[in-house]
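Engineer: Starting off with a structure, shown below.
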Amino acid sequence: MRTATTDDVADLLAGRERVLCALAAEPASKRTLEDRLSVSRSTVDRAIRDLQSHSLVVYEDRQYHLTAAGRYGLTVHEEAGERLSSLAAASDVLASVDRDAPLDADFVAGAEVVRASPPTPDAVVSRLLDSVARTDHVDGVAPVALMGHLDAFYDEATADGGSVRLLVEHGLLDSLVTANGDPLRRGIEDPAVSLERATVPFDVGLWLADDREAGVVVYTETGVKAVLVNDDPAAVEWARETFERVAETATPFERNGR
Numbered sequence: 031m032r033t034a035t036t037d038d039v040a041d042l043l044a045g046r047e048r049v050l051c052a053l054a055a056e057p058a059s060k061r062t063l064e065d066r067l068s069v070s071r072s073t074v075d076r077a078i079r080d081l082q083s084h085s086l087v088v089y090e091d092r093q094y095h096l097t098a099a100g101r102y103g104l105t106v107h108e109e110a111g112e113r114l115s116s117l118a119a120a121s122d123v124l125a126s127v128d129r130d131a132p133l134d135a136d137f138v139a140g141a142e143v144v145r146a147s148p149p150t151p152d153a154v155v156s157r158l159l160d161s162v163a164r165t166d167h168v169d170g171v172a173p174v175a176l177m178g179h180l181d182a183f184y185d186e187a188t189a190d191g192g193s194v195r196l197l198v199e200h201g202l203l204d205s206l207v208t209a210n211g212d213p214l215r216r217g218i219e220d221p222a223v224s225l226e227r228a229t230v231p232f233d234v235g236l237w238l239a240d241d242r243e244a245g246v247v248v249y250t251e252t253g254v255k256a257v258l259v260n261d262d263p264a265a266v267e268w269a270r271e272t273f274e275r276v277a278e279t280a281t282p283f284e285r286n287g288r
């Protein structure tokens with residue numbers, strides 16, 4: 031007997047999803063499945079035969095039941111469908127990200143995608159500001175500066191005693207202090223803000239708001255293209271691990287500008 035391959039099982043789960051879902055809701059006879067799904071008896075016969083051959087369905091007490099493998103297989107199939115839907119929803123945004131960027135499937139899956147759109151392309155940043163406004167502490171990684179939004183970022187992140195730790199790409203701080211004056215100097219001089227130089231090995235921004243929500247900023251040459259936000263614990267855990275890896279390379283930025 032040939033051992034089923036991953037492709038075999040994936041095809042079966044996709045092809046027999048309706049029957050699996052019906053049996054997950056309630057065990058049923060073939061006649062009940064015909065009526066519930068509005069399909070022919072031959073269709074039900076083939077589906078049950080296929081599912082039994084892979085031990086996903088068992089016949090007991092004159093009804094068909096999902097086995098433990100059947101329930102697990104349906105869960106995996108549904109989760110895969112959700113992840114593919116998330117990828118489809120974000121594919122145009124992710125196309126702008128460097129191919130080596132360490133974006134994690136747990137983060138992309140289910141992420142809220144907010145795109146910049148004319149006539150106010152910078153309005154997308156308001157989602158980031160909304161996130162940091164509800165926090166006691168923000169951790170962030172910045173390969174690129176959010177010029178034009180620094181004052182708003184400081185205001186929201188440090189309101190009501192909040193604090194910020196921001197890891198900035200080596201050399202970027204020096205050039206920004208020289209070129210942009212007061213907004214960046216305010217961050218350097220504010221004791222609630224910790225700015226550190228770091229090696230940032232990717233081209234997206236990253237933030238964590240009190241470890242309850244994580245976000246990614248996708249840039250273009252002219253500004254912010256989109257932000258992705260996710261508060262799922264697995265997504266936040268990935269963001270925390272990513273931040274801590276960058277933090278291992280960080281050194282403090284002297285507040286006298288050196």
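The sequence shown begins at 31 in our numbering and counts up by one. In this text, a Cβ means the ideal position worked out from N, Cα and C, and glycines have one as well. This one's a predicted model, so the numbers in the text were calculated from it and none came from an experiment.
With burial defined as no fewer than 16 other Cβ atoms inside 10 Å of the residue's Cβ, what is the status of L50: buried or exposed?
Structural biologist: It is buried - the Cβ of L50 has at least 16 other Cβ atoms within 10 Å.
Engineer: Can you give me the Cβ contacts of R32 inside the same chain, cut-off strictly under 8 Å, excluding the 5 residues immediately before and after it?
Structural biologist: Residue confidence for R32 is low, a pLDDT of 49 falling below 50, so the modelled location carries little weight; the figure read from the coordinates is stated next. Within the same chain, R32 has no close Cβ partners at all.
Engineer: What are the boundary residues of the beta strand (DSSP E) that V143 is part of?
Structural biologist: Start and end: 142-145.
Engineer: For a test of the three-state rule: what should DSSP assign to G100, helix, strand or coil?
Structural biologist: Of the three classes helix, strand and coil, the one that applies to G100 here is helix, per DSSP.
Engineer: Beta-carbon separation of V143 and A120 under 8 Å?
Structural biologist: Contact flag set, yes.
Engineer: Which runs of the alpha helix (DSSP H) at least 4 residues long sit entirely within the segment 237-280? Give them in chain order.
Structural biologist: Here the runs fully enclosed are 263-277.
Engineer: Residues bridged to P282 by DSSP?
Structural biologist: BP columns for P282 point to E226.
Engineer: Would the beta-carbon of E219 fall within 8 Å of that of P282?
Structural biologist: Cβ atoms of E219 and P282: not closer than 8 Å.
Engineer: With distance defined between alpha-carbon atoms, name the residue in L133, P231, Y184, A139 nearest to D262.
Structural biologist: Out of L133, P231, Y184, A139, A139 has the C-alpha closest to the C-alpha of D262.
Engineer: Within a Cβ cutoff of 7 Å, which residues of the same chain sit near F273, ignoring the five residues on either side of it in sequence?
Structural biologist: Cβ neighbours of F273 beyond the five flanking positions: D169, V171, L236, L238.
Engineer: Counting Cβ pairs closer than 8 Å, one from the segment 184-192 and one from the segment 248-255, do we hit at least three?
Structural biologist: No, because fewer than three Cβ pairs between the segment 184-192 and the segment 248-255 fall closer than 8 Å, the two stretches do not touch.
Engineer: Report the option in A163, D134, F137, V123 whose CA atom is closest to the CA atom of S147.
Structural biologist: Taking only the C-alpha atoms, the option nearest S147 is V123.
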